[in-house]
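These notes are about the structure you will find just below.
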Amino acid sequence: MDWLIEVHGSLRWLVALALLAIIVGAIAAIVTRRWPGWIPWGIRSAVLLVTLQFLVGLVLLINGSIAAGWQMQSLRLQYEHAVTMLLALGAVHMLPRAAGAAEPRARGRRVLLLALIAALLVAVGVIRLRGAAYWIPF
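Counting with the numbering used here, you get residues 117 to 254 for the letters of the sequence shown.
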């Protein structure tokens, strides 16, 4: 399972890159009033990457839960991380719908809002898990 943890940890950088590209493209659409042709590809990539990331994380969470004897208290941070990432997954899955607006600036605003929400949730989820020693005094 160590390789799966490594994949899960490394895949987050691709997720961050895809979300950053969508944010930049949405800002460009708002400013130039034209919808860049590569944004649908970026949205599909982000949806695929975040979904894959969530599924790998779910496998790791189930494996960790079995190893811990389903003791919720010992895996509290992991469950909080999973719920936060589930919310981010929901925001990312709304991106294709937001990109369907007729006017490019409206598309850009909607996509920008959802991409920022998803990026913020991903950052909070990662900080929550990786920075637990700083955030929760034990």
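The C-beta atom is built at its ideal place from N, Cα and C for all residues, glycine as well.
With a threshold of 8 Å (Cβ to nearest heavy atom), would L211 be considered close to the ligand FMN? This structure lacks the ligand FMN, and indeed carries no ligand of any kind.
Given G241, which residues of its chain have a CB within under 6 Å of its CB, disregarding the five upstream and five downstream residues? H197, T200 and M201
So, with DSSP's three-state summary, where would you put F254? Reliability of the predicted coordinates at F254 is poor, the pLDDT of 47 falling under 50, and no value is obtained from them.
Under the assumption that L205 contacts F170 (Cβ atoms under 8 Å), give the Cβ distance between them as a whole number of angstroms. 5 Å
Can you grab the Cα-Cα spacing for the pair P152 / I159, in whole Å? 12 Å
By a C-beta neighbour count over all protein chains shown, 10 Å radius and 16 as the cutoff for buried, is I138 buried or exposed? buried
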